[in-house]
Every structure is written in C-alpha cells, then in structure tokens.
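Right, one structure below, let's go through it.
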Amino acid sequence: MKPYLSKAAVQMREQIDDSFADRSRKSDGWIGDARHAKQKSDHNPLPSGEVCAIDITADLGQAEGISAYLADQIRLAGKTDKRIKYVIHNHYIASKLLNWRWRKYKGINPHTKHIHISFYPNQSGEFFNIPLLGGNA
C-alpha cells in the first residue's frame, strides 16, 4: 500500500503553514527513513499505508521560543482533542499517560530541531482549535 499522511496530520501541518508562512521547513518530515523502519515509530506506515506522525521544524521564523509555545499549545489541545497521541519537543514529551503533563524524554533524538506530533490512526482532518493557529481554545 502506498504511504499517505493521516488526515489529522495534514490538517495540523496546513494550519501551522498558514500561521507561519515564512517558517523553515528544513527538519519537516512525516515518513520514516531506514533508521525509523528498524524500530516502532509513528513515522512508519501502518498496513493501510497511513503515517500518523509529523515533524515541524522548530524555526518558525518568529520570536525565539515560539516553537516551545506552539508545542505547549498542542499539548494542551491533546487533553480534549482525541486525535493527538503525543507531542515531543526539546527533551520533553507529553501524552495522556500523565494527563498531558510534560516529562523528560529519554529517546535518542531530543527533538530540539523540530516538534514531533503523533496522531491516532483513522482520524478526521477537522480544524484544530489551537489559539496560536487561529483557534479560540
């Protein structure tokens, strides 16, 4: 099956692109490379072909620290938006495991150059209600 990006991930990326039109895309990505393929990763296609993760370059072309603020808004959205599985940025991860509180991320990649967002499979591409992306949560 040909890999495709999940609807929720496409929608999130489009909203980020609309909000940060001049952002760098140097570390953007969605489909896993050979290193990802050797391990469990939401960047690897499911049997259906769906890929449930995106990486968004941390350089959003605005004030320094805005990527941490965006990651935190995505974390907060995860509390009520059941499409979001987890978010990783700058040595920290948040998921429903600890009620969406940030905790130290101990993986190999500290995600300092990008924000990693994972989604549950088979989710809609509805608007994400995140203030930084034009929502009013």
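If you're matching positions, the sequence shown starts at 0 in numbering that gives the first Met the number 0 and goes up one per residue.
All C-beta atoms in this analysis are idealised placements derived from N, C-alpha and C, irrespective of residue type, glycine included.
Between the alpha carbons of residue i and residue j, how many angstroms are there, rounded?
i	j	result
Asn-121	Lys-6	8 Å
Gly-48	Lys-1	6 Å
Ala-33	Ala-52	16 Å
His-90	Gln-14	24 Å
Lys-103	Ser-23	26 Å
Phe-19	Glu-63	13 Å
Lys-78	Leu-131	16 Å
Tyr-3	His-115	17 Å
Which stretch, first to last residue, makes up the beta strand (DSSP E) that contains residue i?
i	result
His-88	83 to 88
Ile-140	Limits of the chain in this structure are 0 at one end and 136 at the other, which puts residue 140 out of reach.
Thr-56	52 to 56
Under 8 Å between the Cβ atoms of residue i and residue j?
i	j	result
Ile-30	Val-50	yes
Ser-117	Asp-41	yes
Give the range of the alpha helix (DSSP H) segment to which residue i is assigned.
i	result
Ser-66	65 to 77
Ala-8	6 to 18
Please report the Cβ distance between residue i and residue j, rounded to the nearest whole angstrom; I am assuming they are in contact, meaning their Cβ atoms lie under 8 Å.
i	j	result
Thr-56	Asp-27	5 Å
Phe-127	Ala-67	With a Cβ gap of about 18 Å, Phe-127 and Ala-67 do not count as contacting.
Arg-74	Val-86	5 Å
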